[in-house]
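Notes to accompany the following structure.
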Amino acid sequence: MKKIIRILLLTMFIMNIMIVNTLAEENHEKAVVKSDKIWTIVFNKAVPEGVLENIIVKDSKDKIINVSLEIKEEKKILIYPPEGGYSPLEEYTLVVKRTENGLKEDYEFKFKISYRIKNVIQLWDFTYYNNEYEAPRVVEAILENGEKVNVPVRWDEEILTNEMGTFTYVGNVRGYNEKVTLKLIVFPKVVSVKDINVSLYVGDEYSLPKKLKVKYSDGTTGMEKINWTTNQLDIKKVGEYVCEGEIDGCDNVIKANITVKSNFLLSQTVPNQNQQDYKMKYNYMDLVFAKDTVRCYEVGKIILKDENGVRIKIKKTQPGITAKDNFLIIPSRPLDSNTKYTLFVPKGLIKAADGDVYQKDIEINFKTK
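The numbering of the sequence shown is the working numbering, which starts it at 70 and goes up by one.
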């Protein structure tokens, strides 16, 4: 009985050793092989059932590679590369998982693909004076088979931006005998640019400028393109608007401060401000605007007081009969002669025919004749 157990243990040991030795011929820490490499696994007896389902190849990101498997001569398994071959520069792991009637433990074998670089694309780049600049860590290489891949590069010296001009830096790529070059242009930096301040009226058309005048780090001036955060301005209403933009090579955010005012303007008052000889000819006071007005029904908010603080009730308001841009304020009785009065109309009370609202308080001090 003990003899049988020893034989079984020896058989399993030999099976494991046979697989390891088959792959170990090329396993120098991490084998480097061609992209069309066909792997062979040799068993010391017929390939156990279910082994094929337990053999996989995965890349460095643990993605399963679509390889083909074939049992050859009963004791061999051939692992064919994926269509088009393995990818250059990629690292792979061949995994043989344990089975109930085969291997008693998992086995992994790492390998990477050999490549020959035919050419490396030389680099051009730009930055700005005294900006932090991080040199490219990889460059595009063309392999002998025409495939383009990114390969690591190591530069010979630190890349600085404390001078302006065009500078050439060299570096090295493993497996490529020639130097890699980086031509870096260091432009003057934008150190000063003024914000935009614009005042408009409702209905005015305005477009943000595409370029602004700037001052550079070398003392010169010029025009630079500005990239605004928005290309369409919604400035149809009264208010304060701020748009932000950026200029390449400038650390500051540029602002366009836009003030939109109402074009609902008061152009004349009857009586005039501080008029001392006003005579109410038609028993109303008149406010003349730059737009047609509509009747106000909140006449109780309009205040008319004499010099003693006595309030005179406002009977009604209405647009002018022929000139609609006139806003007539009609008191409930004629005003006394030789008396000082104050007329106050609060903001937001008078409206234009187009819906605009006059947003300023109106106060007129006058004296009757």
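Even for Gly, the Cβ is constructed at its ideal location relative to N, Cα and C.
Source: prediction; values computed, not measured.
Here the alpha carbons of L269 and L356 stand approximately 24 Å from one another. Under the three-state reduction of DSSP output, E122 falls in the helix class.
Looking at the DSSP output, F435 bridges to Y410.
Following the DSSP letters along the chain, one finds V329 inside the beta strand (DSSP E) bounded by residues I323 to K330. With respect to I110, V165 sits close: the two C-beta atoms are nearer than 9 Å.
Cβ contact annotation for K127 (same chain, cutoff 8 Å, sequence separation greater than five): I133, I134, Y161, T162 and V164, in chain order. Around W193, the same chain offers K252 as residues with beta carbons nearer than 7 Å, after the five sequence neighbours per side are excluded.
In this structure G314 is buried. Its beta-carbon is surrounded by 16 or more other beta-carbon atoms within 10 angstroms. Just measuring C-alpha positions, the residue of R167, K436 and V207 sitting nearest L404 is K436. Relative to the Cα of Y198, the nearest Cα in the group A359, F236, N188 and V189 belongs to F236. The Cβ-Cβ distance between V262 and Y275 does not fall below 9 Å. Inter-segment contact for the segment 415–429 and the segment 333–350 is present: three or more beta-carbon pairs are separated by less than 8 Å. At the C-beta level, K382 and Y410 stay beyond 9 Å of one another. In this structure the segment 181–196 touches the segment 205–213; the number of beta carbon pairs closer than 8 Å is three or more. Distances from the CA of V136 to each of N113, K130, I124 and K145 were compared; the closest alpha carbon is that of I124. Beta-bridge partners assigned by DSSP to Y285: V259. Three or more pairs of CB atoms, one per stretch, sit closer than 8 Å, so the segment 279–288 contacts the segment 242–260. At least 9 Å separates the beta-carbon of K187 from that of L158. Counted as a single uninterrupted DSSP element, the beta strand (DSSP E) harbouring V189 occupies residues I186 to V189. Residue pairing for K252: DSSP places it in a beta bridge opposite W193 and T237.
Spanning the alpha carbons of D273 and L412 requires a straight line of approximately 32 Å. Shortest Cα-Cα distance from K103 to any of K181, I327 and R167 involves K181.
The bridge partners DSSP lists for N219 are E209. Counting along the chain, no beta strand (DSSP E) covers C365, and no H or E run does either. Shown here, A421 sits in a strand according to DSSP, grouped into three states.
Exposed is the label assigned to V379, since fewer than 16 other Cβ atoms lie within 10 Å of its Cβ. Here L277 carries a coil assignment [DSSP, helix/strand/coil]. A359 counts as exposed, since fewer than 16 other C-beta atoms from the protein chains shown sit within 10 angstroms of its C-beta. Sorting N200, P400, V189 and L277 by C-alpha distance to the C-alpha of G240 places V189 at the top. Taking a C-beta distance under 9 Å as the contact criterion, I295 and V311 do not qualify as a contact pair. Taking C-alpha positions only, K173 is separated from P221 by approximately 40 Å. In the DSSP assignment, the residues bridged to F178 are L163.
Residue nearest to K306 within the set V329, K324 and K384 is V329 (criterion: CA-CA distance). Rounded to the nearest angstrom, the Cβ distance from T386 to I372 is 13 Å, too far for a contact under 8 Å.
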